[in-house]
Amino acid sequence: MNNASARASGRPATRLRPRSALVSAVVGLALVATAVVVSSSASAATTLGASAAEKGRYFGAAIAANKLSDSTYVGILNREFNSVTPENEMKIDATEPQQNQFSFTNADRIVNHAISRGMKVRGHTLAWHSQQPGWMQNMSGTALRNAMLNHVTRVATYYRGKIDSWDVVNEAFADGGSGARRDSNLQRTGNDWIEAAFRAARAADPGAKLCYNDYNTDDWTHAKTQAVYRMVQDFKQRGVPIDCVGLQSHFNAQSPYPSNYRTTLSSFAALGVDVQITELDIEGSGTQQAETYRRVVQDCLAVPRCNGITVWGIRDSDSWRSYGTPLLFDNNGNKKQAYNATLEALNAGGTTPPPTTAPPTTSPTPPPTTSPTPPPPTTPPPGGGGCTASVTLNQWNGGFVATVRVTAGASQINGWTVGVSLPGGASVTGTWNAQASGTSGTVNFRNVNYNGTLSPGSSTEFGFQGTGTGPSATPTCTPN
Ligand code: G3I
Numbered sequence: 441m442n443n444a445s446a447r448a449s450g451r452p453a454t455r456l457r458p459r460s461a462l463v464s465a466v467v468g469l470a471l472v473a474t475a476v477v478v479s480s481s482a483s484a485a486t487t488l489g490a491s492a493a494e495k496g497r498y499f500g501a502a503i504a505a506n507k508l509s510d511s512t513y514v515g516i517l518n519r520e521f522n523s524v525t526p527e528n529e530m531k532i533d534a535t536e537p538q539q540n541q542f543s544f545t546n547a548d549r550i551v552n553h554a555i556s557r558g559m560k561v562r563g564h565t566l567a568w569h570s571q572q573p574g575w576m577q578n579m580s581g582t583a584l585r586n587a588m589l590n591h592v593t594r595v596a597t598y599y600r601g602k603i604d605s606w607d608v609v610n611e612a613f614a615d616g617g618s619g620a621r622r623d624s625n626l627q628r629t630g631n632d633w634i635e636a637a638f639r640a641a642r643a644a645d646p647g648a649k650l651c652y653n654d655y656n657t658d659d660w661t662h663a664k665t666q667a668v669y670r671m672v673q674d675f676k677q678r679g680v681p682i683d684c685v686g687l688q689s690h691f692n693a694q695s696p697y698p699s700n701y702r703t704t705l706s707s708f709a710a711l712g713v714d715v716q717i718t719e720l721d722i723e724g725s726g727t728q729q730a731e732t733y734r735r736v737v738q739d740c741l742a743v744p745r746c747n748g749i750t751v752w753g754i755r756d757s758d759s760w761r762s763y764g765t766p767l768l769f770d771n772n773g774n775k776k777q778a779y780n781a782t783l784e785a786l787n788a789g790g791t792t793p794p795p796t797t798a799p800p801t802t803s804p805t806p807p808p809t810t811s812p813t814p815p816p817p818t819t820p821p822p823g824g825g826g827c828t829a830s831v832t833l834n835q836w837n838g839g840f841v842a843t844v845r846v847t848a849g850a851s852q853i854n855g856w857t858v859g860v861s862l863p864g865g866a867s868v869t870g871t872w873n874a875q876a877s878g879t880s881g882t883v884n885f886r887n888v889n890y891n892g893t894l895s896p897g898s899s900t901e902f903g904f905q906g907t908g909t910g911p912s913a914t915p916t917c918t919p920n
């Protein structure tokens with residue numbers, strides 16, 4: 441025992457003779473050196489979640505509710521990860537299998553497991569062309585728009601306060617070089633369906649980060665990446681509530697990790713949003729796979745607003761692409777070379793945490809920089825000048841979504857105000873495509889910049905959602 445360890449042990453140090461003092465000094469130095477090594481390796485985090493947390497980030501996994509009884513699976517989950525994404529349990533077909541009948545049992549199992557252990561939850565996903573229940577697949581137009589907004593509102597409200605980040609809209613852009621939106625029943629309700637979904641999500645859960653999530657958006661030069669970038673830029677300019685972009689990052693030979701990945705991450709971040717790697721998996725094995733994982737982690741750590749990574753499954757056998765062995769644990773739950781590279785890269789990364797994200801903004805929508813074309817007329821012009829308004833209501837116990845159609849009369853109008861009378865106790869919590877004067881009683885909704893001008897007989901729609909009982913009386917409409 442040397443003096444230091446004697447002090448540490450609380451026992452008195454023995455007086456040393458000169459020769460033994462020299463030996464002791466050498467031994468002491470060795471011990472100090474050992475202590476340094478020990479202490480430096482002791483400070484390196486030994487799990488993915490702990491290491492990411494040291495960098496102000498999370499490291500998550502997509503998980504399945506029906507595997508929470510698998511002890512190997514849960515052991516790895518609880519040890520390694522500090523965030524989860526339900527792989528299928530929060531999708532529309534799972535949470536609203538029949539219209540207006542919500543089912544949260546399996547999603548709750550995941551959310552409760554995560555929250556009771558201090559893990560974050562990424563919600564996936566509120567609006568998507570895929571995995572729609574049959575009733576929604578068969579809908580179109582205003583009915584579908586309302587149903588989508590109702591779904592967003594109900595699910596985000598149910599989980600209010602429990603979700604770190606929501607994938608509000610998933611995979612809305614087409615593959616290939618067009619840079620266009622993906623055709624879908626949701627897209628055919630109007631190009632503004634994405635921003636309407638984001639506004640509804642913000643109103644329902646103001647504390648959650650709201651993300652747009654997509655795949656094949658990793659290569660900065662791809663048309664799809666550029667198209668998503670322009671949409672996010674436009675949303676930020678117009679005040680559409682968006683806080684983050686999710687890059688799914690499913691990599692394989694056909695869709696390899698791009699050398700400009702870091703440019704993509706930093707370019708999105710420069711728009712003022714967080715960037716999250718949301719569904720990472722990398723097909724392959726051995727060193728090739730491990731080094732690609734290392735580069736992905738290095739790229740994320742190099743971008744301050746890349747604040748989390750989620751792998752799409754735990755063991756290779758849990759993957760939707762199990763044949764490609766794309767994950768960090770083998771079928772038996774053993775750590776792979778890819779795991780070691782990932783942990784090393786996390787531990788080696790900069791220690792500067794990302795800036796604390798400002799709480800999501802709820803400021804009113806500033807004027808748009810582009811002017812979407814109002815929908816074509818669908819009803820005959822009412823006689824005379826002026827305008828009329830009609831409301832379609834989706835009511836449930838405790839809340840509603842109202843869609844209001846404003847139609848010009850025989851003359852063009854250059855602005856409109858719609859007066860809606862709300863029953864006692866009802867309150868407006870969010871509005872899209874209009875500016876509300878208040879939240880209760882008679883609320884006046886005024887056009888925003890891009891939908892005030894209506895040619896004779898043409899119409900436009902705006903909407904709002906609220907708590908309580910929605911309006912039953914026909915709204916008034918007055919040209920400005
Ligand atoms: O649970 C049923 C089972 O009872 C039934 O016997 C079996 C027969 O087909 O199907 C099982 O459900 C499957 C489900 O995964 C659970 O394994 C569905 O058929 C299957 O379609 C579903 O696939 C999911 C896929 O999304 C559907 O689009 C994958 O698990 C899921 O990993 C995958 O996740 C997507 C993200 O949401 C979005 N990005 C791409 C990613 C990979 O496709």
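Count along the sequence shown from 1, add 440, and you get the number used in my numbering.
Every residue, glycine too, gets a C-beta built ideally from N, C-alpha and C.
Query, Result
"When TYR669, ALA490 and GLY617 are compared against VAL715, the one with the closest alpha-carbon", "TYR669"
"Boundaries (first-last residue) of the alpha helix (DSSP H) holding ARG622", "Segment: none, ARG622 is in no alpha helix (DSSP H) and carries neither H nor E."
"DSSP three-state assignment for SER759, whether helix, strand or coil", "coil"
"Assigned exposure category for THR525 - 16 Cβ within 10 Å defines buried", "buried"
"Coarse secondary structure for ASP632, derived from DSSP in three states", "coil"
"Extent of the continuous alpha helix (DSSP H) run through ASN884", "Segment 882–886 is the beta strand (DSSP E) holding ASN884; no alpha helix (DSSP H) there."
"Buried versus exposed, by CB contacts within 10 Å (16 or more), ALA788", "exposed"
"Limits of the alpha helix (DSSP H) - the one that PHE675 falls within", "663–678"
"Backbone CA spacing between LEU517 and ALA502 [nearest angstrom]", "10 Å"
"Contacts around ASN922, its chain only, beta-carbon distance under 8 Å, and the 5 residues preceding and following it disregarded", "What the structure shows of the chain is the stretch from 441 to 920, and residue 922 is not part of that stretch, so it cannot be assessed."
"Whole beta strand (DSSP E) elements within the region 676–724, 3-residue minimum", "684–687 and 714–722"
"Which of helix, strand or coil DSSP assigns to LYS507", "helix"
"C-beta atoms of THR765 and SER707 nearer than 8 Å", "no"
"Outcome for TYR580 when other beta-carbon atoms lying within 10 angstroms are tallied against a minimum of 16", "The residue you asked about is not Tyr; residue 580 is Ser in the sequence shown. Answer is exposed; the Cβ neighbour count stays below 16."
"GLU529 CB to nearest heavy atom of the ligand G3I below 7 Å", "no"
"Residue nearest to ALA913 in terms of C-alpha spacing, selected from VAL858, THR871, PHE638 and THR893", "VAL858"
"According to DSSP, residues forming a beta bridge with ASN653", "ASN610 and GLY686"
"HIS564: CB within 7 Å of a non-hydrogen atom of the ligand G3I", "yes"
"Reduced DSSP category for GLU901 - H, G, I as helix; E, B as strand; rest coil", "strand"
"First and last residue of the uninterrupted alpha helix (DSSP H) at TRP856", "Premise fails: TRP856 lies in the beta strand (DSSP E), 856–861, not in any alpha helix (DSSP H)."
"beta-carbon GLN729 near the ligand G3I non-hydrogen atom, thresh 7 Å", "no"
"DSSP bridge partner residues for SER491 (one or two, in chain order)", "Beta-bridge pairing links SER491 to no other residue."
"Environment of ASP615 [buried if 16+ CB atoms lie within 10 Å]", "exposed"
"Proximity of LEU566 and VAL595 at Cβ, strictly below 8 Å", "yes"
"Within the region 561–605, ranges of the alpha helix (DSSP H) (whole runs, at least 4 residues)", "574–577 and 581–598"
"DSSP beta-bridge partners of LYS531", "DSSP lists no partner for LYS531."
"beta-carbon GLN577 near the ligand G3I non-hydrogen atom, thresh 7 Å", "no"
"Own chain, CB closer than 6 Å to THR871, minus 5 neighbours either side, in chain order", "PHE904"
"Where GLN538 falls, given that 16 or more other Cβ within 10 Å makes a residue buried", "exposed"
"Three-state secondary structure (DSSP) of VAL737", "helix"
"Bridge partners - THR782, DSSP secondary structure assignment", "Its beta-bridge partners do not exist; DSSP assigns none."
"TRP856 Cβ short of 7 Å to the ligand G3I heavy atom set", "no"
"Distance between THR657 and ASN692 (C-alpha atoms, nearest Å)", "14 Å"
"Supposed close pair ASP632, ASN873 - CB separation, criterion 8 Å", "7 Å"
"The ligand G3I heavy atom lying under 7 Å from the CB of GLU719", "yes"
"Own chain residues within Cβ distance below 6 Å of ALA644, not counting five before or after", "THR593, ALA596 and THR597"
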